[in-house]
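*Asks:*
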Amino acid sequence: MKRAIPYGRQHITEEDIRAVVDVLKSDYLTQGPVIGAFEKAFAEYVGSEYAVAVSNGTAALHLCAMALGLKPGQKVITTPITFAATANCIRYCGGEVVFSDIDPETYLLDLDKVRTLLEGAPKGTYAGVIPVDFAGRAVNLEQWRSLADEFGLWIIEDSCHAPGGFFMDSSGQRQQCGNGMFADCAIFSFHPVKHIAAGEGGMITTNDPNVFERLNLLRTHGITKDAGCLENPYELAWGHSDCDQSEYPGWYMEMQELGYNYRLTDFQAALGLSQLNRADEGLKRRREIAAVYASTFEGISGLLDRNIQARGENESNGHAHHLYVIEAGNRAGIYRHLRENGVFAQIHYFPTHLMPYYRQLGWKTGDLPFAEAYYKKCISLPMYPTLTDEEISFVVNVVSEFHYEN
21 MKRAIPYGRQ
31 HITEEDIRAV
41 VDVLKSDYLT
51 QGPVIGAFEK
61 AFAEYVGSEY
71 AVAVSNGTAA
81 LHLCAMALGL
91 KPGQKVITTP
101 ITFAATANCI
111 RYCGGEVVFS
121 DIDPETYLLD
131 LDKVRTLLEG
141 APKGTYAGVI
151 PVDFAGRAVN
161 LEQWRSLADE
171 FGLWIIEDSC
181 HAPGGFFMDS
191 SGQRQQCGNG
201 MFADCAIFSF
211 HPVKHIAAGE
221 GGMITTNDPN
231 VFERLNLLRT
241 HGITKDAGCL
251 ENPYELAWGH
261 SDCDQSEYPG
271 WYMEMQELGY
281 NYRLTDFQAA
291 LGLSQLNRAD
301 EGLKRRREIA
311 AVYASTFEGI
321 SGLLDRNIQA
331 RGENESNGHA
341 HHLYVIEAGN
351 RAGIYRHLRE
361 NGVFAQIHYF
371 PTHLMPYYRQ
381 LGWKTGDLPF
391 AEAYYKKCIS
401 LPMYPTLTDE
411 EISFVVNVVS
421 EFHYEN
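What follows is the structure, given as structure tokens:
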């Protein structure tokens with residue numbers, strides 16, 4: 021191959037560029053109308069009541085934890101196989117992160133192990149749980165909702181890997197990732213390697229109007245201009261006693277709690293909205309690529325794809341295929357061989373509980389054996405919609421060549 025093949029790549033079209041340029045020529049670069057249009061379209065795409073655009077996926081996680089009332093010292097459960105931000109948002113609020121192990125068959129947070137944690141502690145010990153739709157495989161949130169209700173937990177669905185993904189509920193209905201039917205909030209990322217790229221950016225979806233209002237407040241410094249929500253007396257707002265006692269001045273705004281500047285810009289929203297318009301096309305291509313990988317690697321000794329059963333095109337396949345992860349016995353060897361041939365695979369992820377920060381908090385090797393065993397073998401192959409058939413063939417040939425020679 022003449023060009024390097026990364027594990028992920030953004031796809032920017034002329035239509036995307038025109039959408040951004042139109043905003044750059046408009047009156048608003050931020051806090052303008054395109055943000056609202058993007059939020060509305062995204063909510064419709066996932067099937068939620070509300071959507072709140074923010075600066076990135078990390079900001080989305082932080083705001084969700086705040087909006088759901090996470091207090092210092094409260095415990096929240098999450099998976100170690102995720103980007104660090106999933107756990108870090110708990111620490112931002114002063115909470116305590118409790119990692120629980122993964123299901124080695126799915127790589128997802130193991131519900132039974134979480135149940136064991138909950139049953140082994142007094143009720144009220146844990147405030148919430150953050151399951152992750154890892155690699156694009158949708159968590160069964162109906163099952164998690166049942167567990168959460170039993171133990172009084174809120175749920176944040178980390179769906180950064182899975183826009184367009186879904187699971188089948190107990191009645192046989194599709195439940196789209198982020199639709200708000202079971203999780204209190206869901207979050208998405210618009211980093212360049214994700215399904216929808218906006219440079220940076222994130223989205224929160226929810227069906228709870230109170231959570232929605234609080235997210236909007238916290239996103240913008242905790243400041244509001246909504247006359248129906250203002251608290252100070254009219255006299256204080258106007259600055260003197262000789263004022264209209266029936267309304268607030270048009271310039272007035274007030275900070276009601278400590279929030280953040282986690283806003284998305286209009287030109288980022290324009291790019292995200294343009295990309296959203298072809299999200300289904302990209303998802304279809306990802307599933308085609310996954311099917312080729314699965315049919316090739318299924319019979320190769322030394323490689324294991326735990327998600328083979330979820331790859332086929334059928335009604336129950338809700339995998340969004342952000343990543344295509346295989347387990348390789350000689351992971352270091354195949355990683356080097358791929359790079360030598362211009363294929364830049366990646367490793368997702370080093371277990372978060374073994375990061376130095378979390379080790380300092382008491383986590384250690386051996387605490388989560390399935391996550392640690394997964395890390396020793398996992399490798400993510402190239403997966404993005406503009407991957408050509410020729411490039412796919414090259415990747416599978418390089419992988420196959422290594423195994424047949426070793």
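Numbering (the working numbering), first residue to last: 21 to 426.
Positions of the beta carbon are idealized from the N, C-alpha and C atoms, including for glycine.
Kindly provide the ranges of any alpha helix (DSSP H) runs that are 4 or more residues long and lie completely inside the segment 343 to 394, ordered along the chain.
*Replies:* Counting whole runs of 4 or more residues, the segment 343 to 394 contains the alpha helix (DSSP H) stretches 351 to 360 and 376 to 380.
*Asks:* Quick one: residues in its chain with C-beta nearer than 7 Å to the C-beta of L388, no 5 flanking neighbours on either side, listed in chain order?
*Replies:* Here residue 388 corresponds to residue number 368 of the sequence shown, with the count starting at 1. The answer, listed in chain order, is P100, F119, D121, P371 and H373.
*Asks:* In whole angstroms, what separates the C-alpha of L291 from that of T385?
*Replies:* For the purposes of this step, residue 291 is taken as residue 271 along the sequence shown, with counting starting at 1. For the purposes of this step, residue 385 is taken as residue 365 along the sequence shown, with counting starting at 1. For L291 and T385, the distance between alpha carbons rounds to 42 Å.
*Asks:* What is the DSSP secondary structure of K396, counted as helix, strand or coil?
*Replies:* As a first step, residue 396 is located in the sequence shown; it is residue number 376 there, counting from the start. Reduced to three states, the DSSP call for K396 is helix.
*Asks:* For my contact list, G140 and G172 are in at a C-beta cut-off of 8 Å; report their separation, rounded to the angstrom.
*Replies:* As a position in the sequence shown, residue 140 is number 120, starting the count at 1. As a position in the sequence shown, residue 172 is number 152, starting the count at 1. Incorrect: roughly 16 Å between the Cβ atoms, too far for contact.
*Asks:* Taking only three categories from DSSP, how would you classify C113?
*Replies:* Taking the sequence shown and counting its residues from 1, the one referred to as residue 113 is at position 93. Note: C113 maps to coil in three-state DSSP.
*Asks:* Can you tell me whether DSSP reads Y48 as helix, strand or coil?
*Replies:* Numbered from its first residue, the sequence shown carries residue 48 at position 28. Residue state, collapsed to three classes: coil.
*Asks:* Please tell me whether E125 and K95 are closer than 8 Å, where the distance is taken between their beta carbons.
*Replies:* As a first step, residue 125 must be located in the sequence shown, where it is residue number 105. As a first step, residue 95 must be located in the sequence shown, where it is residue number 75. No; because the gap between Cβ atoms is not below 8 Å, this pair is not in contact.
*Asks:* With DSSP collapsed to three states, give me the class of Q30.
*Replies:* Residue numbering aside, residue 30 sits at position 10 when the sequence shown is read from its first letter. Note: Q30 maps to coil in three-state DSSP.
*Asks:* By DSSP, does S209 sit in helix, in strand, or in coil?
*Replies:* To locate residue 209, count along the sequence shown from 1; it is residue 189. In this structure, S209 counts as strand in the three-state DSSP scheme.
*Asks:* Compare the Cα-Cα distances from Y48 to each of Q295, A289, R351 and A247 and report the closest residue.
*Replies:* As a working note, residue 48 is residue 28 in the sequence shown. Comparing Cα-Cα distances from Y48 to each of Q295, A289, R351 and A247, the minimum goes to A289.
*Asks:* Going straight from the alpha carbon of R111 to that of G77, what length do you get?
*Replies:* Your numbering for residue 111 matches position 91 in the sequence shown. Your numbering for residue 77 matches position 57 in the sequence shown. Near 16 Å, if we compare the C-alpha coordinates of G77 and R111.
*Asks:* With L381 and V54 assumed to form a contact (beta carbons below 8 Å), what rounded beta-carbon distance in angstroms separates them?
*Replies:* In the sequence shown, residue 381 corresponds to position 361, counting from 1. In the sequence shown, residue 54 corresponds to position 34, counting from 1. Actually they do not touch by this definition, with Cβ atoms about 41 Å apart.
*Asks:* M273 and K304 - do their beta-carbons sit closer together than 8 Å?
*Replies:* Taking the sequence shown and counting its residues from 1, the one referred to as residue 304 is at position 284. Taking the sequence shown and counting its residues from 1, the one referred to as residue 273 is at position 253. No; because the gap between Cβ atoms is not below 8 Å, this pair is not in contact.
*Asks:* Do N227 and Y27 have their C-beta atoms closer together than 8 Å?
*Replies:* Working through the sequence shown from its first residue, we reach residue 227 at position 207. Working through the sequence shown from its first residue, we reach residue 27 at position 7. Their beta carbons are not under 8 Å apart, which means N227 does not touch Y27 by this criterion.
*Asks:* Rounding to the nearest angstrom, what Cα-Cα distance links T408 and A310 in this structure?
*Replies:* Sequence index remark: in the sequence shown, residue 408 carries index 388 (1-based). Sequence index remark: in the sequence shown, residue 310 carries index 290 (1-based). Each residue's Cα considered, the two are about 13 Å apart.
*Asks:* Using beta-carbon positions only, say whether A85 and I224 come within less than 8 Å of one another.
*Replies:* Taking the first residue of the sequence shown as position 1, residue 85 is located at position 65. Taking the first residue of the sequence shown as position 1, residue 224 is located at position 204. No, the Cβ-Cβ distance between A85 and I224 is not below 8 Å.
*Asks:* Quick one: what's got a C-beta closer than 6 Å to T316's C-beta in the same chain, skipping five residues either side?
*Replies:* In the sequence shown, counting from the first residue as 1, residue 316 sits at position 296. These residues qualify, in order along the chain: V416.
*Asks:* Return the first residue and the last residue of the beta strand (DSSP E) that E177 is part of.
*Replies:* What you label residue 177 is simply residue 157 of the sequence shown in a count that begins at 1. W174 to D178 is the span of the beta strand (DSSP E), which, as asked, contains E177.
*Asks:* Which of the three DSSP states, helix, strand or coil, is assigned to E425?
*Replies:* Position 405 of the sequence shown, counted from the first residue, corresponds to residue 425. Helix, per DSSP.
*Asks:* Name the two residues that bound the continuous alpha helix (DSSP H) containing K60.
*Replies:* Within the sequence shown, the letter at position 40 stands for residue 60. Note, K60: alpha helix (DSSP H), P53 to V66.
*Asks:* Hey, is T240 close to the ligand NAP, as in C-beta under 7 Å from one of its heavy atoms?
*Replies:* Judged by which ligands are present, the structure shown has none, so any question about the ligand NAP falls away.
*Asks:* So Y313 is in the alpha helix (DSSP H); what residue range does that whole segment cover?
*Replies:* Within the sequence shown, residue 313 is the residue found at index 293, counting from 1. Here the alpha helix (DSSP H) through Y313 covers A299 to F317.
*Asks:* Beta-carbon within less than 8 Å of D286's beta-carbon, same chain only, minus the 5 sequence neighbours each way: which residues are those?
*Replies:* As a working mapping, residue 286 is identified with position 266 in the sequence shown. So the qualifying residues of the chain are V43, S46, Y48, L49, T50, Q51, G52, P53, V54 and I55.
*Asks:* Kindly give me the distance between the Cβ atoms of G222 and V40, rounded to whole angstroms, as I take these residues to be in contact under 8 Å.
*Replies:* Sequence index remark: in the sequence shown, residue 222 carries index 202 (1-based). Sequence index remark: in the sequence shown, residue 40 carries index 20 (1-based). So it is not a contact: roughly 18 Å between Cβ atoms.
*Asks:* Could you check where the beta strand (DSSP E) with T226 kicks off and where it finishes?
*Replies:* Taking the sequence shown and counting its residues from 1, one reaches residue 226 at position 206. Where T226 is concerned, the enclosing beta strand (DSSP E) stretches over G222 to T226.
*Asks:* For the candidate residues Q295, L284 and H341, whose alpha-carbon lies nearest to that of R307?
*Replies:* Along the sequence shown, read from residue 1 onward, the residue named residue 307 stands at position 287. The option with the nearest alpha carbon to R307 is H341.
*Asks:* Taking its Cβ as the centre, do 16 or more other Cβ atoms sit within 10 Å of G184, making it buried, or is it exposed?
*Replies:* As a working note, residue 184 is residue 164 in the sequence shown. That one is buried.
*Asks:* Please report the straight-line C-alpha distance between P405 and M275, rounded to a whole angstrom.
*Replies:* In the sequence shown, counting from the first residue as 1, residue 405 sits at position 385. In the sequence shown, counting from the first residue as 1, residue 275 sits at position 255. Approximately 44 Å, taken between the alpha carbons.
*Asks:* If C398 sits next to V345, beta carbons under 8 Å apart, how far is it from one beta carbon to the other, in whole angstroms?
*Replies:* Within the sequence shown, residue 398 is the residue found at index 378, counting from 1. Within the sequence shown, residue 345 is the residue found at index 325, counting from 1. Between V345 and C398 the Cβ distance is about 5 Å, and since that is below 8 Å, they are a contact.
*Asks:* Would you tell me roughly how many angstroms separate the C-alpha atoms of F220 and F210, rounded to the nearest one?
*Replies:* One-based indexing of the sequence shown puts residue 220 at position 200. One-based indexing of the sequence shown puts residue 210 at position 190. In the sequence under discussion, the amino acid at residue 220 is Glu, which differs from the Phe named in the question. Computed Cα separation, rounded: 5 Å.
*Asks:* Taking G349 as the reference, give the member of H423, G319 and E410 with the closest Cα.
*Replies:* Sequence index remark: in the sequence shown, residue 349 carries index 329 (1-based). Nearest option by C-alpha distance: H423.
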